[in-house]
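Below is one structure; the comments refer to it alone.
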Amino acid sequence: MSDLPEDEANQTQGEKIVNTPKPSDHPAIEVTHLTRSFSGIQAVNNISFEISRGQVVGFVGANGAGKTTTMRILATLDYPNSGEVKVCGINVVDYPAEVRRKIGWMPDNYGTYQNMTVVEYLDFFARALGYEGQERIDRIVEVMEFTDLASLADRLIDKLSKGMGQRLCLGRALLHDPEVLVLDEPAAGLDPKARVELKHLIRILAEDGKTVFISSHILSELDEMCDSLLFINEGKIIHHGSSENLRKKKSSTCLVEVQLKDPPEKLKEWASLAPGVTFRDSTKRGGRIEVEPAADEDIAQVLRRMISDGLSIIDFHQEERKLEDAFIEILGEIEESSTLEVS
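Residue numbering for the sequence shown follows my numbering, beginning at 2 and increasing consecutively.
Below is the structure:
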């Protein structure tokens with residue numbers, strides 16, 4: 002059902018007007034019991050989540066997990082079989098045109114007209130969006146300056162690097178100054194320099210108050226720029242929260258790097274005999290061990306145990322848990338649970 006007043010709801014589709022919600026009125030994105038299937042295969046399976054305004058949220062999952070399907074529904078390019086999706090309080094099925102005014106969509110494979118220049122490309126879409134005269138020129142200039150493409154205004158698109166092309170596609174998504182940005186794998190295929198540049202632009206957009214929903218396979222980069230992470234697997238949400246909470250939740254073991262005066266082999270020998278300790282790999286002067294401290298000890302007590310056992314330690318420090326490890330551990334628990342249910 003629509004949230005519009007009755008007099009507006011009774012207007013024809015072409016006449017419907019949605020009053021822009023105040024920032025405090027609605028979340029940027031609301032997904033409730035969303036389901037979407039293709040040929041009997043569920044791409045998205047009864048998922049629900051909410052994203053507040055001004056947040057940067059990372060969307061994480063393997064290929065085929067349901068990320069792109071979810072994002073396409075948010076962008077009004079696909080429809081749910083069931084459930085409800087709203088952008089800034091506006092239902093994507095009932096009022097797609099109004100949602101498109103609120104959202105900037107950047108798909109993973111963004112088509113461009115290779116025989117156009119940068120400025121011609123942006124001008125084409127600015128006209129399609131209804132901008133005219135000086136306002137159109139101002140929007141194009143503002144977008145080119147923001148994406149650092151002003152000096153490339155007359156360059157043909159097929160002469161742009163991959164990173165420049167991605168900045169151009171982001172510029173296209175920003176032309177109508179949307180409140181919410183949905184970016185599907187924007188860093189895919191970029192070199193390190195281009196990824197840093199893109200990450201910088203996203204930080205600026207977040208500081209400007211825009212909501213950014215971004216998918217990526219590069220968890221470390223999402224960790225640096227996102228307020229929270231949303232993990233999806235086989236069409237189901239398996240985690241939604243900050244990366245810090247995820248690390249704490251999945252921290253029954255910790256990874257410790259140890260440097261010794263002794264030969265590195267001595268650490269491996271000690272780990273093979275120590276309860277709750279697994280040797281992971283060697284380094285030049287020691288190695289890394291995975292430790293599962295006993296219930297009545299902390300990591301400092303593990304260090305004391307090593308010294309008591311005769312190891313000559315130069316350095317001992319706990320490594321920060323990688324998001325990739327936490328994600329893989331969650332998937333492993335899901336697979337183990339599924340196996341138990343089947344058996």
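No residue lacks a Cβ here, since even glycine has one placed at the ideal position from N, Cα and C.
Those residues which DSSP pairs with residue i across a bridge
{"i": "residue 87", "result": "31 and 92"}
{"i": "residue 318", "result": "258"}
{"i": "residue 185", "result": "216"}
{"i": "residue 43", "result": "38"}
{"i": "residue 279", "result": "291"}
{"i": "residue 233", "result": "238"}
{"i": "residue 52", "result": "30"}
{"i": "residue 67", "result": "Partner(s): none; residue 67 has no beta bridge."}
{"i": "residue 271", "result": "DSSP lists no partner for residue 271."}
7 Å CB neighbourhood of residue i in its chain, flanking five on each side removed
{"i": "residue 262", "result": "313 and 315"}
{"i": "residue 6", "result": "Its pLDDT being 41, under 50, residue 6 is placed unreliably in this model, and the value from its coordinates should be taken loosely. For residue 6, where only same-chain residues beyond five positions count, there are no Cβ hits under 7 Å."}
{"i": "residue 76", "result": "104, 106 and 183"}
{"i": "residue 190", "result": "163"}
{"i": "residue 33", "result": "49, 84 and 85"}
{"i": "residue 192", "result": "164"}
{"i": "residue 156", "result": "118 and 119"}
{"i": "residue 24", "result": "Annotation note: pLDDT 43 at residue 24 (below 50); position unreliable, coordinate value reported separately. Excluding sequence neighbours, residue 24 sits near 54."}
Whole-Å CB distance - residue i paired with residue j, under 8 Å assumed
{"i": "residue 213", "j": "residue 57", "result": "4 Å"}
{"i": "residue 244", "j": "residue 324", "result": "6 Å"}
{"i": "residue 211", "j": "residue 182", "result": "6 Å"}
{"i": "residue 215", "j": "residue 203", "result": "7 Å"}
{"i": "residue 150", "j": "residue 137", "result": "About 16 Å separates the two Cβ atoms, so there is no contact after all."}
Cutoff 6 Å; reference residue i; Cβ partners in own chain excluding five residues on either side
{"i": "residue 37", "result": "44, 45, 70, 81 and 82"}
{"i": "residue 291", "result": "254, 256, 279 and 281"}
{"i": "residue 132", "result": "140"}
Residue from the options whose Cα sits closest to the Cα of residue i
{"i": "residue 196", "options": "179, 210, 221 and 209", "result": "221"}
{"i": "residue 241", "options": "165, 50 and 31", "result": "50"}
{"i": "residue 234", "options": "143, 330, 96 and 53", "result": "330"}
{"i": "residue 1", "options": "226, 270, 166 and 216", "result": "Summary: the structure shown does not reach residue 1, with the chain confined to residues 2 through 344, and so no result is reported for it."}
{"i": "residue 108", "options": "132, 73 and 320", "result": "73"}
{"i": "residue 246", "options": "121, 66, 259 and 224", "result": "224"}
{"i": "residue 67", "options": "47, 202 and 194", "result": "47"}
{"i": "residue 63", "options": "217, 290, 305 and 188", "result": "217"}
{"i": "residue 1", "options": "116, 186 and 209", "result": "For residue 1 there is no data in the structure shown, the boundaries of the chain being 2 and 344."}
{"i": "residue 276", "options": "131, 306 and 267", "result": "306"}
{"i": "residue 270", "options": "256, 288 and 128", "result": "288"}
{"i": "residue 145", "options": "207, 79, 122 and 320", "result": "122"}
{"i": "residue 319", "options": "335, 207 and 259", "result": "259"}
Cβ-based neighbour list, residue i, same chain, cut-off 8 Å, excluding 5 preceding and 5 following
{"i": "residue 97", "result": "77"}
Quiz item: Is it true that the region 159–175 meets the region 101–120, where meeting means three or more beta-carbon pairs spaced less than 8 Å apart?
Solution: yes
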